[in-house]
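**Student:** Supplied in structure tokens, the structure appears directly below.
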Amino acid sequence: MPHHARNPVKALQTTDEVLRALDELDGGRVIDVANQIDRPQSVVHNHLDTLRELKLVVKSDATYDLSLRFLELGEQVRHRTVLYEAAHPAIEKLADETGELITLLVEENGHGVYLDISQGDDEIQYPALPGNRIHLHCSAVGKSILAYLPDDRVDAIVDEHGLPAQTEQTITNPTDLARELETVRERDLAFDMEEFRDGLKSVGAPITRQDGTVLGSVSVAGPAHRMTDERLEEDLPPVIRRAINVVELNLNEPNIP
């Protein structure tokens, strides 16, 4: 269930709305933000002016935008994440070995968050960045996490976020999803057959603790014409598992905090 503050600070909620509006608008004037969140211009101006003082927003002429302070904070958080430190070298190596797109995903608040992305030699560019959030039910990397969460947690995620269709192949029925997750557990692998994005297929697997708790997941993704059944089911799984074994060993190393 989503957390609800007992005594929410409404000013902070408005600040969050302002920041999200700037992101959605790719920057904007006071009137643009005010219209976006349906707030008085005077209120929006006060928030933007304070955010500018805090170096969280920059202003050029009459246009405000998010500052690079968010990049600094995000990188600090990422490098404090044990899984990122343990996995990053293996993710880079996996991209070099396969020539494909490699993603490292974790679950936060019912969504998947890209912790690391490494692009192989292929010319196809993937429109995603570390920190981007995705639904968990429609990709190999997401299903690899869902399959190892407790059933009540999966139910709560589906209740809160639903099963929206990304393509015609996306699973949108809870019963079908439960059946799919059972298959993932049996194989210890998940497949995305153009469920997340048309023309893209992937195979993924979980990163787990010794007690079975899932920490995150890794996937290899590429264009459908290159991701043949043989490559998805036979060639890539051993390569992914080797990379994950390295990550799980790194997590047990004393030099990893």
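The sequence shown begins at 3 in the numbering used here and counts up by one. Cβ coordinates follow ideal geometry from the N, Cα and C atoms, glycine included. These numbers were taken from a predicted model, which means no experiment stands behind them.
What are the boundary residues of the beta strand (DSSP E) that residue 193 is part of?
**Tutor:** Residues 192–195.
**Student:** Would you be able to state if there are at least three C-beta pairs under 8 Å between the segment 117–134 and the segment 102–109?
**Tutor:** With the cut-off at 8 Å, the segment 102–109 and the segment 117–134 touch.
**Student:** Please report the residue range of the alpha helix (DSSP H) in which residue 210 lies.
**Tutor:** Not the alpha helix (DSSP H): residue 210 falls in the beta strand (DSSP E), residues 202–210.
**Student:** Among 221, 47, 252, 49, which one has its Cα closest to the Cα of residue 141?
**Tutor:** Of 221, 47, 252, 49, the residue nearest in Cα terms is 221.
**Student:** Okay, do the segment 81–99 and the segment 57–67 touch, 3+ Cβ pairs below 8 Å being the bar?
**Tutor:** No, the segment 81–99 is not in contact with the segment 57–67.
**Student:** Would residue 205 and residue 191 qualify as a contact pair, given that the criterion is a beta-carbon distance under 9 Å?
**Tutor:** Against a cut-off of 9 Å, the Cβ pair of residue 191 and residue 205 comes out as a contact.
**Student:** Would you call residue 168 buried or exposed, if buried means 16 or more other Cβ atoms sit within 10 Å of its Cβ?
**Tutor:** Buried, by the Cβ-count rule.
**Student:** Can you tell me whether residue 138 is helix, strand or coil according to DSSP?
**Tutor:** Here residue 138 sits in coil by DSSP.
**Student:** Given that a residue counts as buried once 16 or more other Cβ atoms are within 10 Å of its Cβ, and exposed if not, what is residue 208?
**Tutor:** Counting Cβ neighbours within 10 Å, residue 208 comes out buried, since at least 16 surround it.
**Student:** With a cut-off of 8 Å on the beta carbons, I'd call residue 197 and residue 230 a contact; round off their distance for me.
**Tutor:** Between residue 230 and residue 197 the Cβ distance is about 17 Å, and since that is not below 8 Å, they are no contact.
**Student:** Using 10 angstroms around the beta-carbon of residue 187, count the other beta-carbons present and answer buried if the total reaches 16, otherwise exposed.
**Tutor:** Exposed is the call here.
**Student:** Extract the residue ranges of the beta strand (DSSP E) inside the segment 158–198, only unbroken runs of 3 or more that lie entirely within it.
**Tutor:** You should have 192–195.
**Student:** Return the CA-CA distance between residue 179 and residue 139, expressed in angstroms with no decimal places.
**Tutor:** Distance between the alpha carbons of residue 179 and residue 139 is about 7 Å.
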